[in-house]
Amino acid sequence: MDAFFVSVEEVLDPSLKNKPLVVVRSVEERGVVSAASYAARKCGFHPAIPIAIAKRLCPHAIFLRSSHRLYSEYSAKVFEILRNYSPLVEPMSLDEAFVDLTGCGRLHSPILKTAETIRNEIRDRFGLNASIGIATNKLMAKTASAYCKYCGSR
């Protein structure tokens, strides 16, 4: 999932879209950034940057306390969609999973089309963007997914 924590917050409050949004565990200066929107990343943010530095880099950024329960709920819904396409879903975190689509072309459609269908279903049902990397092994799939953040399945 692309910028998952931030994306969930934007779905719940569309006025936050395209703004420098930062999700943190605690708004105290001693904490670190859990997630940053793409607008915030343009200011130099990245996950695990100290909040004090983040506030100096982008004083107009919006800092929100994370809601792990909420992100877990959205994650479960997304994984439910994935399990509709394959029984072999291996969650890696709340926003990342490996899905084995081997042989699923006989059930659904060719793998590229299936990946596109999955992305569209996640977007249409929850308003979230997903990057999907397709490869013969997990390392290459992860690399392909990172490459495809804005351009869809490959």
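Following my numbering, the residues of the sequence shown are numbered contiguously, the last one being 155. Glycine included, C-beta positions come from ideal geometry on N, C-alpha and C.
Residue i and residue j look like a contact to me (Cβ under 8 Å); what is the Cβ gap, rounded to whole Å?
i: Leu-129; j: Ser-8; result: 5 Å
i: Ala-131; j: Ile-123; result: 5 Å
i: Phe-80; j: Ala-55; result: Contact doesn't hold; Cβ gap of about 30 Å is too wide.
Which residue comes first and which comes last in the beta strand (DSSP E) that contains residue i?
i: Glu-30; result: It is not in any beta strand (DSSP E) - Glu-30 carries neither H nor E in the DSSP assignment.
i: Leu-65; result: 63–66
Within the same chain, show all residues whose beta-carbon is closer than 8 Å to that of residue i, passing over the 5 residues directly before and after it, in chain order.
i: Ser-110; result: Thr-118
i: Ala-40; result: Asn-19, Lys-20, Pro-21 and Leu-22
Could you name the residues of the same chain whose beta carbon sits closer than 6 Å to that of residue i, not counting the 5 residues immediately before and after it, in chain order?
i: Phe-5; result: Asp-96
Go to residue i, then tell me how far its alpha helix (DSSP H) extends in each direction, as first and last residue.
i: Ile-50; result: Here Ile-50 belongs to no alpha helix (DSSP H), and DSSP marks it neither H nor E.
i: Leu-17; result: Here Leu-17 belongs to no alpha helix (DSSP H), and DSSP marks it neither H nor E.
i: Ala-40; result: 39–42
Rounded to a whole number of angstroms, what is the C-alpha to C-alpha distance between residue i and residue j?
i: Ala-62; j: Cys-149; result: 26 Å
i: Asp-3; j: Ser-94; result: 13 Å
i: Arg-107; j: Asn-85; result: 14 Å
i: Lys-114; j: Glu-29; result: 45 Å
i: Ile-50; j: Cys-44; result: 12 Å
i: Val-33; j: Val-25; result: 6 Å
i: Ser-67; j: Gly-104; result: 39 Å
i: Gly-134; j: Arg-31; result: 36 Å
i: Pro-15; j: Asp-125; result: 15 Å
i: Tyr-72; j: Lys-78; result: 10 Å
For residue i, I'd like the list of residues in its chain whose CB is within less than 7 Å of its CB, leaving aside the five on either flank, ordered along the chain.
i: Leu-17; result: Glu-10, Glu-11 and Ile-63
Original post:
Can you list, in chain order, the stretches of the beta strand (DSSP E) that have 3 or more residues and sit fully within the region 86–140?
Top reply: 90–94 and 97–100
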